[in-house]
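To convert, take the position in the sequence shown, counting from 1, and add 350; that gives our numbering.
Report on the following structure.
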Amino acid sequence: MRIFNYGKIGERTWDSEILGLVSAIHREAGKQELFLKQRPQELEKLVAIAKVQSIEASNAIEGIVTTDLRIRRLVENRTVPKNRDEAEIAGYRDVLSIIHENYEAIPLSKNYILQLHKVLYGHLNNPMAGRI
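As structure tokens, then:
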């Protein structure tokens with residue numbers, strides 16, 4: 351694993367291009383915060399759309415598919431899985447929600463990864479879910 355020592359960053363001199371880019375990032379971050387405060391409903395809609403698209407694309411990579419309507423209902427937790435593919439989609443949805451809601455507090459540990467694995471395969475009643 352790499353370990354970075356940021357102690358010398360303060361001693362460096364930066365050219366105007368780098369400082370301009372850092373300033374632009376700071377300005378855009380401020381705009382983002384303002385948007386989040388002014389239009390939370392629009393942000394929620396965008397997050398919901400992104401979740402559906404993310405879950406659909408990630409599962410399609412693995413060959414796990416269902417109809418657009420079924421994916422939307424599964425992601426919104428408005429239906430129960432009908433088959434193995436849908437059970438895997440539901441498990442992925444559950445894990446993705448846990449990560450999105452708790453990413454700052456999730457430890458990178460074997461036990462937590464096994465817990466996420468158990469949730470991922472929880473809709474399949476897989477006896478190996480959460481186990482090595």
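Cβ atoms here follow ideal geometry from the backbone N, Cα and C, with glycine treated the same way.
Given that a residue counts as buried once 16 or more other Cβ atoms are within 10 Å of its Cβ, and exposed if not, what is I438?
Inspection of the sequence shows that residue 438 is occupied by Glu rather than by Ile. Counting Cβ neighbours within 10 Å, E438 comes out buried, since at least 16 surround it.
Following the continuous alpha helix (DSSP H) through Y462, name the residue where it begins and the one where it ends.
K460 to L470
Start-end ranges of the beta strand (DSSP E) lying completely within the stretch 368-430, minimum 3 residues
none
Helix, strand or coil: how does DSSP classify G441 here?
G441 falls in the helix class under three-state DSSP.
Measure the Cβ-Cβ separation of L386 and L396 and say whether it is below 8 Å.
no
Where does I399 land, buried or exposed, given buried means 16+ other C-beta within 10 angstroms?
exposed
Could you round the C-beta distance between V430 and L470 to whole angstroms and report it? I think they count as a contact, below 8 Å.
So it is not a contact: roughly 17 Å between Cβ atoms.
Are there 16 or more other CB atoms within 10 angstroms of the CB of L473, so buried, or fewer, so exposed?
A small correction: the amino acid at residue 473 is His; Leu does not occupy that position in the sequence shown. By the neighbour-count rule (16 or more Cβ atoms within 10 Å), H473 is buried.
Verify whether the separation of the beta carbon atoms of V415 and N409 is less than 8 Å.
The answer is yes: Cβ separation under 8 Å.
Can you grab the Cα-Cα spacing for the pair S373 / W364, in whole Å?
12 Å
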